[in-house]
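Worksheet: one structure, shown below.
Number of protein chains: 2
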Amino acid sequence: MIKTVGYGAQAATSKLERMEFERDDPKPNEVVIDVLFTGVCHSDIHQVKNEWKNTVYPCVPGHEIVGRVSRTGGEVTRFKEGDLVGVGCMIDSCRQCEPCESGEENYCEGPNGWLATYNGPMVPATEADNGENMYGRDNTFGGYSNIVVVPEDFVLAIPDGLDPKAAAPILCAGVTTWSPLNHWGVGKGDSVAIVGFGGLGHMALKLAAAIGAEVTVLTSTPEKIEEAKRMGAHAAFVETDKTSLTPLAGSFDLILSTVPDKHEVGTLLDLLKRDASLVVVGNLDVIDGVDNSKLAFHRQSVAGSLIGSIAETQDVLDFCASNGIAPDVEVIDIKDINDAFTRVENGEARYRYVIDMATLT
Amino acid sequence: MIKTVGYGAQAATSKLERMEFERDDPKPNEVVIDVLFTGVCHSDIHQVKNEWKNTVYPCVPGHEIVGRVSRTGGEVTRFKEGDLVGVGCMIDSCRQCEPCESGEENYCEGPNGWLATYNGPMVPATEADNGENMYGRDNTFGGYSNIVVVPEDFVLAIPDGLDPKAAAPILCAGVTTWSPLNHWGVGKGDSVAIVGFGGLGHMALKLAAAIGAEVTVLTSTPEKIEEAKRMGAHAAFVETDKTSLTPLAGSFDLILSTVPDKHEVGTLLDLLKRDASLVVVGNLDVIDGVDNSKLAFHRQSVAGSLIGSIAETQDVLDFCASNGIAPDVEVIDIKDINDAFTRVENGEARYRYVIDMATLT
């Protein structure tokens, strides 16, 4: 067993507090990683506070992890001690279903879905299964800790040229926006709108702009207008500013909503071209305002997209390194994590808090 | 001017009553058609009762029209006197926008949209346009009348082998379901669910089955279960029967909702495969239950689709003739039209009422 230290919540109403626990020694296919930096994702907050009604406690969040390999199981071939590596939202999947065999583990249809980096299997076992799931554990502890142990197939290589602390948010915020840009075929000259300009939104802008798309940012925060333009937006507007949005009617090939909470989309549909899609990645709630008097008249779609595959995660890391892209991060001490949660909820992050795990002593 | 007789409503609360009016003589590109049969579409009822808040009165509905050419303008080349022809939902479009140039007039983005067979332009002129629209008329009168005058480009040829009265509903109910089956690429062996089993739904079943898809029907009416199987359904269930639907989770490549009223779709999303779409054609209201905790986990879409193009309308007429497909129709006297409306609203039609226009004397 490996003695581990982390920050976790004991209940939905608890603050995150230091806790000690043990991790299993690595299996032959697993890698032990000393965590250097972990990004703070809005979903960490949703999960800690049980806002998705599925949290297993204690909850040690963290799924934007960068660290160094300290030890490898006997069958590991792709990594060695000292390698700079990353871990995102998944640490295993069923490896047998059609999506897994197609390299889309993030849509794993195995009996327990994929194994999340924290909070355990995406599909918990039921009483009918005697409470047993294929991963043999009901909970997992994430990267708000000094050590993680992960199967090598779910470990990413951090390419040279990426600052380790800035690489961390690419592992969730990056790939969650990269995957739909990729899947919906955004290319050079396409017109893309990014709704919500936080951790995910600012990465979506940087990625889409680097692909060659013309990117418009719609934010709820007037002060972010100029920041978005500085980061490469062709235009940026406050989403509620109807006067500015009216001329944008029918102009976007893709709209990507990164808003992390329930968000009415009726106005956004007016901005889509014929046969275009609004893809929602930020919010896992019911999407209000899906008005078929708008959709049908231009054969539009509203779709969802969930993080990205391991291959896409490696792609986006490599793309960021090749194109000099990195999230805007602010490094924090883990002792300040509860304040950071509050600031994320208040939209004060610019644009991603990353925990320096050296402060966990 | 051409003296015409039809049935129309003077206000949202009026019954349809016999009325006389005049149509313009045919322009050089127009065809005069003596109407034989007109189908009764649920949207006729929505429109007459102003349920879409855009009805222009008097309202003479009817957009599933089969008749014989009685006269042609001097430039008409495709039709001659005596030809059996059809007219669907559109009688003109801007002919200049990108969709029109791509042969998708049903998504016309011209300043006034397409010109509907009744109720005038889809996008009425505003005060800013001095109330003038490109078609020069604020209202049009449809096929609940003895004569229509239509530009030849919007006239369909009724192929040999189609019974004229059964051909009528193909012009809306047929193409409205054919177009999404075509656009979303349904092919042999695909698994398709049809939700709602009325005028549109029963045509969707016949078309999808003839394409070679395995079709499941979900209806609100238990008595329709056996009828759906008789028409070629692989399976049919009452939509609220959760016990039957649970095993269908994740099993459909496409779900086509033909339900003509506001309809919650949350349960339907559970039945889609990964990357599959729910396409709503029956209801032009807000779609409730678009739950991104379902969509995102399998990258699904909810989309709308609006009737079909002129080319698709000809395709589906020809497909029906080639494959021996026809709607199940009940021919009615025009004097019974108000009763027929009530029966359609009560789900009593089996499956499309078609008015014999010879009864309009």
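Keeping their order, the protein sequence lines are chains G and S.
With the first letter of the first sequence counted as 1, position 326 gets the number 326 in UniProt numbering; the numbers rise by one all the way through.
With the first letter of the second sequence counted as 1, position 313 gets the number 313 in UniProt numbering; the numbers rise by one all the way through.
Don't be surprised by glycine CBs; every beta carbon is placed ideally from N, CA and C.
**Message:** For the structure I just gave you, are there three or more beta carbon pairs, one from the segment 292-300 of chain S and one from the segment 267-284 of chain S, closer than 8 Å?
**Reply:** With a cut-off of 8 Å on Cβ pairs, the segment 292-300 of chain S is in contact with the segment 267-284 of chain S, counting three or more such pairs.
**Message:** Tell me which residues share the same chain as Ser70(S) and place their Cβ nearer than 8 Å to its Cβ, disregarding the 5 neighbours each side in the sequence.
**Reply:** Val32, Ile33, Asp34, Glu81 and Ile147
**Beta-bridge pairing of Ile194(G) - partner residues as DSSP gives them** = Checking the DSSP bridge columns, you'll see Ile194(G) partnered with Val217(G) and Leu256(G).
**Item:** Contacts that Arg350(S) makes with chain G (C-beta to C-beta distance below 8 Å)
**Value:** None at all; the shortest Cβ gap to chain G is about 26 Å.
**Request:** Can you say whether Ala358(G) is buried or exposed, counting buried as having 16 or more other CB atoms within 10 angstroms of its CB?
**Result:** exposed
**Message:** Can you tell me whether Ser14(G) is helix, strand or coil according to DSSP?
**Reply:** coil
**Asked** Given that a residue counts as buried once 16 or more other Cβ atoms are within 10 Å of its Cβ, and exposed if not, what is Pro260(S)?
**Response** buried
**Request:** Check each candidate in Asp356(S), Thr258(S), Lys206(S) and Ile225(S) and name the one with the smallest Cα separation from Asn323(S).
**Result:** Lys206(S)
**Request:** Taking only beta-carbon positions, decide if Ile255(S) is within less than 8 Å of chain G.
**Result:** It does not; no Cβ of chain G falls within 8 Å.
**Request:** Spatial neighbours of Ala166(S) within its chain, please: CB distance less than 6 Å, with the 5 preceding and 5 following residues excluded, ordered by chain position.
**Result:** Ala326, Pro327 and Val329
**Asp339(G), buried or exposed, once every other Cβ within 10 Å from all chains shown has been counted against 16** = exposed
**Asked** Based on Cα-Cα distance, which residue from Ala125(S), Ala173(S), Glu105(S) and Tyr107(S) lies nearest to Ile65(S)?
**Response** Ranking Ala125(S), Ala173(S), Glu105(S) and Tyr107(S) by Cα distance to Ile65(S) puts Ala173(S) first.
**Prompt:** Under 8 Å between the Cβ atoms of Val217(G) and Ile2(G)?
**Reply:** no
**Message:** With three or more beta-carbon pairs closer than 8 Å as the criterion, would you say the segment 305-323 of chain G touches the segment 149-161 of chain G?
**Reply:** yes
**Request:** Would you check if the distance between the CB atom of Val354(G) and the CB atom of Ala168(G) is smaller than 8 Å?
**Result:** yes
**Message:** Just list the residues that DSSP pairs Ser301(G) with in beta bridges.
**Reply:** Ser277(G) and Ala303(S)
**Message:** Please list, in chain order, the chain G residues whose beta carbon lies closer than 7 Å to that of Gly304(S).
**Reply:** Correct list: Asn292, Leu295, Ala296, Arg299 and Gln300.
**Gly79(S), DSSP secondary structure in three states** = Position check: residue 79(S) holds Phe in this sequence, whereas Gly was assumed. Of the three classes helix, strand and coil, the one that applies to Phe79(S) here is coil, per DSSP.
**Message:** Under 8 Å, with one C-beta from each stretch per pair, do the segment 281-291 of chain S and the segment 229-248 of chain S reach the 3-pair mark?
**Reply:** no
**Message:** Which residues of the segment 173-196 of chain G have a Cβ closer than 8 Å to any Cβ of chain S? Give them in chain order.
**Reply:** His183
**Request:** Under 7 Å Cβ to Cβ from Arg137(S), same chain only, skipping five residues before and after it: list those, please.
**Result:** Gly120
**Request:** Please state if the CB of Gly143(S) and the CB of Thr38(S) are separated by a distance shorter than 8 Å.
**Result:** yes
**Asked** Taking only runs of the alpha helix (DSSP H) that begin and end inside the segment 82-149 of chain S, which ones reach a length of at least 4 residues, in chain order?
**Response** 98-101
**Message:** Tell me the residue span of the alpha helix (DSSP H) that contains Gly174(G).
**Reply:** Ala173 to His183
**Item:** chain S contacts made by the segment 45-57 of chain G, where a contact means CB separation under 7 Å
**Value:** none
**Prompt:** At what residue ranges does the segment 218-253 of chain G contain a whole run of the beta strand (DSSP E), taking only runs of 3 or more?
**Reply:** Within the segment 218-253 of chain G, the complete beta strand (DSSP E) runs of at least 3 residues are 235-238.
**Request:** Give a yes or no on whether the C-beta atoms belonging to Glu98(S) and Ile310(S) are separated by under 8 Å.
**Result:** no
**Prompt:** First and last residue of the alpha helix (DSSP H) that includes Leu269(G)?
**Reply:** Gly266 to Leu269
**Request:** Below 8 Å CB to CB, which residues in the same chain sit around Pro28(S) once its five sequence neighbours on both sides are set aside?
**Result:** Gly73, Gly74, Glu75 and Val76
**Message:** Please classify Arg78(S) as buried or exposed, where buried requires at least 16 neighbouring CB atoms within 10 angstroms.
**Reply:** exposed
**Asked** Could you check where the beta strand (DSSP E) with Glu312(S) kicks off and where it finishes?
**Response** Taken as a continuous stretch (DSSP letters only), Glu312(S) belongs to no beta strand (DSSP E), being part of the alpha helix (DSSP H) at Ile310 to Asn323.
**Item:** Short Cβ contact (8 Å threshold) for Cys100(G) with Gly110(G)
**Value:** yes
**Helix, strand or coil at Met357(S) according to DSSP, with G and I counted as helix** = helix
**Contact belief for Phe252(G) with Leu271(G) at Cβ below 8 Å, rounded distance in angstroms** = 5 Å
**Asked** Which class does Thr72(G) belong to by DSSP, given the choice of helix, strand or coil?
**Response** In the structure shown, Thr72(G) falls within a strand segment according to DSSP collapsed to helix, strand and coil.
**Message:** According to DSSP, simplified to helix, strand and coil, what is Gly289(G)?
**Reply:** coil
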